[in-house]
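*Asks:* At position 130 of the sequence shown (counting the first as 1) the number is 130 in UniProt numbering, and the numbers step up by one without a gap. Think of the CB as a built atom: it goes at the ideal place given N, C-alpha and C, for glycine as much as any other residue. None of these values were measured; they are calculated from a predicted model.
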Amino acid sequence: MVPTRNEAANIEPLLRRLDSALAGLPSEVIFVDDSDDDTPEIVMALRHSVRMRVRIHHRPAPYRAGGLGGAVTEGIRLCRADYAVVLDGDLQHPPEVVPELLAAAVSGDVDVVIGSRYVTGGSASGLANGVRRLVSSGANLLSRLAFPLRLRGVSDVMSGFFLVRIAALDLDRLRPDGYKILLELLVRTGRLRVVEVGYVFGERHAGESNASVSEGVRFARRLFSLRMPRAARFALVGASGTLPNIFGTAFLHHAGMHYMVAAVVATQLAILWNFIGCELLVWEGGSQSRIRRYLPFALLNNLDLVIRLPLLGLFVDRWHTSVPAATLVTLGIAVSVRYVLVDRIIYSECRRPVRNPFRYSRGVAAGAVGEAEA
1 MVPTRNEAAN IEPLLRRLDS ALAGLPSEVI FVDDSDDDTP EIVMALRHSV
51 RMRVRIHHRP APYRAGGLGG AVTEGIRLCR ADYAVVLDGD LQHPPEVVPE
101 LLAAAVSGDV DVVIGSRYVT GGSASGLANG VRRLVSSGAN LLSRLAFPLR
151 LRGVSDVMSG FFLVRIAALD LDRLRPDGYK ILLELLVRTG RLRVVEVGYV
201 FGERHAGESN ASVSEGVRFA RRLFSLRMPR AARFALVGAS GTLPNIFGTA
251 FLHHAGMHYM VAAVVATQLA ILWNFIGCEL LVWEGGSQSR IRRYLPFALL
301 NNLDLVIRLP LLGLFVDRWH TSVPAATLVT LGIAVSVRYV LVDRIIYSEC
351 RRPVRNPFRY SRGVAAGAVG EAEA
């Protein structure tokens with residue numbers, strides 16, 4: 001299973017080396033392609049040059065949900081074999097090691113075989129520079145610290161080169177977002193039997209790497225979201241939002257503003273703070289623009305003023321509670337209601353997978369690139 005994005009120059013040597021490495025083994029190659037170049041056409045043109053069956057599943061731009069991780073998940077769903085090997089299309093994962101992964105899976109009766117750069121026989125020398133090596137090592141360390149039990153014995157959580165026994169996976173539990181799907185797979189799936197096989201990470205000879213600063217940020221967010229349930233993340237963001245609300249209200253009231261007006265103004269600051277936190281840490285965006293999400297988010301969060309302001313007046317005027325303390329209590333009452341409303345109304349679309357109505361081969365047999373399937 002090969003996820004590709006603009007790898008046109010690598011397709012011919014990749015197919016040739018896979019065909020040689022897998023000679024005598026019943027196998028097929030499935031490309032899940034997010035390219036904007038002529039990679040799909042090249043795959044179609046070369047499909048008869050090898051003995052293996054070749055299929056390609058192209059995802060047009062609006063249907064590339066989950067990035068590279070989403071492509072891997074879709075590719076595994078398309079597999080008809082007992083085992084699926086995931087490797088990149090840039091030749092940094094040597095096709096010649098694929099039989100070793102399969103042999104380790106069969107002989108050891110395991111669910112996942114990871115091609116590791118950090119065990120005996122492995123090397124990360126193909127990483128472009130020292131910065132990338134440092135980032136890779138740091139991400140591995142953070143992942144193992146976050147999940148010490150699930151990742152016990154795993155040296156290369158960041159590997160994109162691995163074999164899975166498809167029957168052992170629960171693909172419906174995966175929520176891929178970015179270019180490191182192995183971490184998601186190991187954490188979200190139940191107890192998996194895992195072994196590692198060392199390999200030398202090769203140099204890239206053509207195309208461009210999918211790794212970027214933005215992908216690194218996505219990975220950090222994904223690690224945080226895997227470690228902490230959504231409701232807990234929402235509570236954490238909401239708790240942090242009480243600070244601008246409480247201190248803003250207290251400051252404005254101390255400056256001479258009526259406490260009711262101060263509460264309204266401070267609420268707007270807190271709403272902006274909470275929205276940014278929800279976007280980064282809780283729901284991680286969706287297909288709509290941020291402004292389209294912010295408007296109902298702000299509306300829902302302002303609606304709780306209908307409850308909070310009378311309660312605030314009750315605490316301050318009748319029970320003589322200080323403005324900061326009354327603000328804290330009324331905010332606490334609003335949080336649980338707000339979570340349910342925001343989760344169900346604004347971010348419900350973030351939980352629904354984006355369906356791709358376009359598919360290349362079964363498309364290979366049809367011989368038509370871009371054929372739509374009903």
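Apart from the five residues on each side of it in sequence, which residues of its chain come closer than 7 Å, Cβ to Cβ, to residue 12?
*Replies:* The residue given as residue 12 occupies position 12 in the sequence shown. Around residue 12: 46.
*Asks:* Can you look up residue 357 in the DSSP assignment and give me helix, strand or coil?
*Replies:* Indexing the sequence shown from 1 puts residue 357 at position 357. Only weak support is given to the placement of residue 357: the predicted model assigns it a pLDDT of 44, under 50, and the value that follows is read from those uncertain coordinates. Of the three classes helix, strand and coil, the one that applies to residue 357 here is coil, per DSSP.
*Asks:* List the whole-angstrom C-beta distance separating residue 262 from residue 242, where the pair is believed to meet the contact cut-off of C-beta under 8 Å.
*Replies:* Start at 1 with the first residue of the sequence shown, and residue 262 comes out as number 262. Start at 1 with the first residue of the sequence shown, and residue 242 comes out as number 242. Their Cβ separation, rounded to whole angstroms, is 15 Å, which puts residue 262 and residue 242 out of contact at 8 Å.
*Asks:* Assign residue 28 to one of three DSSP states: helix, strand, or coil.
*Replies:* Numbered from 1 along the sequence shown, position 28 holds the residue referred to as residue 28. Here residue 28 sits in strand by DSSP.
*Asks:* Within 10 angstroms of its Cβ, does residue 366 collect 16 or more other Cβ (buried), or is it exposed?
*Replies:* Position 366 of the sequence shown holds residue 366. The predicted position of residue 366 is uncertain, since its pLDDT is 32 and thus under 50; a value taken from the coordinates is nonetheless stated next. With fewer than 16 other Cβ atoms within 10 Å, it is exposed.
*Asks:* Could you check whether residue 123 and residue 197 sit closer than 7 Å to each other, using their CB atoms as the reference points?
*Replies:* Locating residue 197 in the sequence shown gives position 197, counting from the first residue. Locating residue 123 in the sequence shown gives position 123, counting from the first residue. No, they are not a contact pair.
*Asks:* Quickly, what does DSSP pair residue 114 with across the bridge? List them, please.
*Replies:* The count along the sequence shown starts at 1 and reaches residue 114 at position 114. Looking at the DSSP assignment, residue 114 forms a beta bridge with 162 and 196.
*Asks:* Under the DSSP definition of a beta bridge, which residues are partnered with residue 55?
*Replies:* Here the question's residue 55 lines up with position 55 in the sequence shown. Residue 55 is bridged to 30.
*Asks:* List the endpoints of the continuous beta strand (DSSP E) containing residue 63.
*Replies:* As a working mapping, residue 63 is identified with position 63 in the sequence shown. Unbroken run through residue 63: none, as it is neither H nor E.
*Asks:* Does the ligand PLP have even one heavy atom less than 6 Å from the beta-carbon of residue 267?
*Replies:* You won't find the ligand PLP in this model; it holds no ligand whatsoever.
*Asks:* Take residue 150 as the anchor and find which of 137, 22 and 184 has the nearest alpha-carbon.
*Replies:* Within the sequence shown, numbered from 1, the residue matching residue 150 stands at position 150. Comparing Cα-Cα distances from residue 150 to each of 137, 22 and 184, the minimum goes to 184.
*Asks:* Pair every Cβ in the stretch 271 to 286 with every Cβ in the stretch 304 to 314, then say whether three or more of these pairs are closer than 8 Å.
*Replies:* Judged by Cβ distances under 8 Å, the stretch 271 to 286 makes no contact with the stretch 304 to 314, as fewer than three pairs qualify.
*Asks:* On a CA-only basis, which of 186, 50 and 70 is nearest residue 57? Give me that one, please.
*Replies:* As a position in the sequence shown, residue 57 is number 57, starting the count at 1. With distances taken between Cα atoms, residue 57 lies closest to 70.
*Asks:* State yes or no: is the C-beta of residue 171 within less than 7 Å of the C-beta of residue 73?
*Replies:* By 1-based counting over the sequence shown, the position of residue 171 is 171. By 1-based counting over the sequence shown, the position of residue 73 is 73. A contact, by the Cβ cut-off of 7 Å.
*Asks:* Confirm, please, whether the CB-CB distance from residue 108 to residue 194 is below 7 Å.
*Replies:* Here residue 194 refers to the residue found at position 194 of the sequence shown. Here residue 108 refers to the residue found at position 108 of the sequence shown. Cβ distance not < 7 Å, so residue 194 and residue 108 don't count as in contact.
*Asks:* Is residue 2 helix, strand or coil by DSSP?
*Replies:* In the sequence shown, residue 2 corresponds to position 2, counting from 1. Three-state result, residue 2: strand.
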